[in-house]
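Asker: Mapping of the sequence shown onto numbering that gives the first Met the number 0: position 179 corresponds to residue 178, and the numbering continues sequentially without gaps. Just so it is clear, CB atoms sit at the ideal spot from N, CA and C, and this is done for glycine as well.
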Amino acid sequence: MVSGMKLALGLGSLLFALGCQTGGGHSKTIENGTWLKAWESANPTWRGVHLMVQSDEQAKSLIETLPKLASAGVNVVIVEVDYSFEFHSHPEVRSVPFISRTQARELTAAAHAQGIRLIPQINCLGHQSWSKTTLPLLVQHPEFDETPGRFPQNKDIYCRSWCPQNPEVNRVVCALVDELIDGFDADAVHVGMDEVFLIGSEYCPRCRGGDPAKLFAKAVNDLHGHIVTQRNREMLMWGDRLLDADSLHYSEWEASKNGTYRAIELIPKDIVLCDWHYEKRDDYPSVPFLAAKGFRVWPSGWQPLGATRAFSDFAAKQKNSRVLGYLCTTWGKVKIREAADWPPLTEPLKEWR
Ligand SMILES: [Zn+2]
């Protein structure tokens, strides 16, 4: 999501039948469904903040900050957990440190007490490495890599991807998603899926020569089959791979120049698309475009404040019920404890209250 922006951090429906029916015993009812219904009726607009929360210490910082965030107008917090969770189904993919199950439950309970919806995130498909560091899934399961054995030390690539056609990857990933849903008692999951550049690679024996749009849609549909169809939760994802960079005049980061954008016609419309743009522009044509396609769109900005205001103002003028509100991403520019006082968060949210 970064277009160089996480630099500061250092660091299916058809297919679900193939690999995502992990439990079988999961309840289809959301345990906190009553809470969610009340939240939905009280919150016609979504005023969110996205935070990296990857240890118990950070979770505790967030718990302490939640009352201030609520006062600033925040009613949704996306916590990017990735592999930093006390996974039991596949403990080999835990990052260290990680968030314990106990702390995850406490975090959700504390958020709900403030009227805030808490949504865990795990980056799927892309973003499986950062700089020279490959994240645990592909370290422990190199057979899932879209470019197995290629690009030592991740030289000459942006981030690694898993292979959406590997017959085993969904079994593992859906087990991790289940643990996040159950651990956080989550009513929704954000699956990331931004900035996927390695897809349909010549180095993948399954995907070589494949249509990037169909491959991307397969990954989306597999996750949707599990999260929405099987687990009855909402699914959110970043929207950049679904936008045609050329026709919408965006960069290759915040939109697609690698053939994935036609997947927009191949995925379910109940997915919430977090449409991120960080540059100051006169207009952001992706917002009306995605809404017109039938999706709920959650415009997602960052900083500086001028760009934040331009995007939030544009989105607010749409007067479209599918434009949910505004999501403030932070990407290491503000500490969790200081987020509630950060102007790129506080200023645009005033517009959506
Ligand atoms: Zn592949």
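For a test of your reading of the model: does the CB of GLN164 fall under 7 Å from any non-hydrogen atom of ligand 1? Yes or no.
Answerer: yes
Asker: Which whole-angstrom value describes the C-beta separation of TRP275 and THR328, a residue pair presumed to lie in contact below a C-beta threshold of 8 Å?
Answerer: 7 Å
Asker: Please classify LYS355: is it buried, with 16 or more other beta-carbons within 10 angstroms of its beta-carbon, or exposed?
Answerer: No statement about residue 355 is possible, as the shown extent of the chain runs from 0 to 352 and does not include it.
Asker: Express the C-alpha separation of HIS126 and ARG240 in angstroms, rounding to a whole number.
Answerer: 13 Å
Asker: Cβ of ILE115 within 8 Å of Cβ of ASN74?
Answerer: yes
Asker: Verify whether the separation of the beta carbon atoms of GLU105 and PHE97 is less than 8 Å.
Answerer: no
Asker: If you run the structure through DSSP and keep just helix, strand and coil, what is ILE226?
Answerer: It is helical.
Asker: Taking the straight line between their C-alpha atoms, what separation do you get for ARG149 and TYR202?
Answerer: 8 Å
Asker: Taking the straight line between their C-alpha atoms, what separation do you get for ALA112 and ILE62?
Answerer: 10 Å
Asker: Could you tell me which residues DSSP pairs with ALA187 in its beta bridges?
Answerer: Residue pairing from DSSP places ALA187 in a beta bridge opposite GLU233.
Asker: Spatial neighbours of ARG207 within its chain, please: C-beta separation below 8 Å, excluding the five flanking residues on both sides.
Answerer: GLY199, SER200, GLU201
Asker: Measure the C-alpha to C-alpha separation of THR33 and THR101 and round it to an integer number of angstroms.
Answerer: C-alpha separation (whole angstroms): 22 Å.
Asker: Looking only at its chain, what residues have a beta carbon closer than 8 Å to the beta carbon of ALA254, apart from the 5 residues adjacent to it on each side?
Answerer: ASP239, LEU242, ASP243, ALA244, LEU247, TYR260, SER285
Asker: Taking the alpha-carbon positions, what's the LEU326 to VAL172 distance?
Answerer: 26 Å
Asker: Any chance the CB of GLU142 is under 7 Å from a heavy atom of ligand 1?
Answerer: no
Asker: How many angstroms separate the CA atom of GLY300 from the CA atom of PRO166?
Answerer: 36 Å
Asker: On a CA-only basis, which of ALA218, VAL190, GLU194, LYS131 is nearest VAL78? Give me that one, please.
Answerer: VAL190
Asker: Please classify THR329: does DSSP put it in a helix, a strand, or coil?
Answerer: coil
Asker: According to the neighbour-count rule (16 or more other Cβ atoms, all chains shown, within 10 Å of its Cβ), is GLN120 buried or exposed?
Answerer: buried
Asker: Under three-state DSSP, which class holds CYS173?
Answerer: helix
Asker: Pick helix, strand or coil for ILE29, following the three-state DSSP scheme.
Answerer: Because the pLDDT at ILE29 is just 49, under 50, the model does not fix this residue reliably, and the value given afterwards should be weighed accordingly. For ILE29, the three-state secondary structure derived from DSSP is coil.
Asker: For PRO204, does the count of other Cβ atoms within 10 angstroms reach 16, so buried, or fall short, so exposed?
Answerer: exposed
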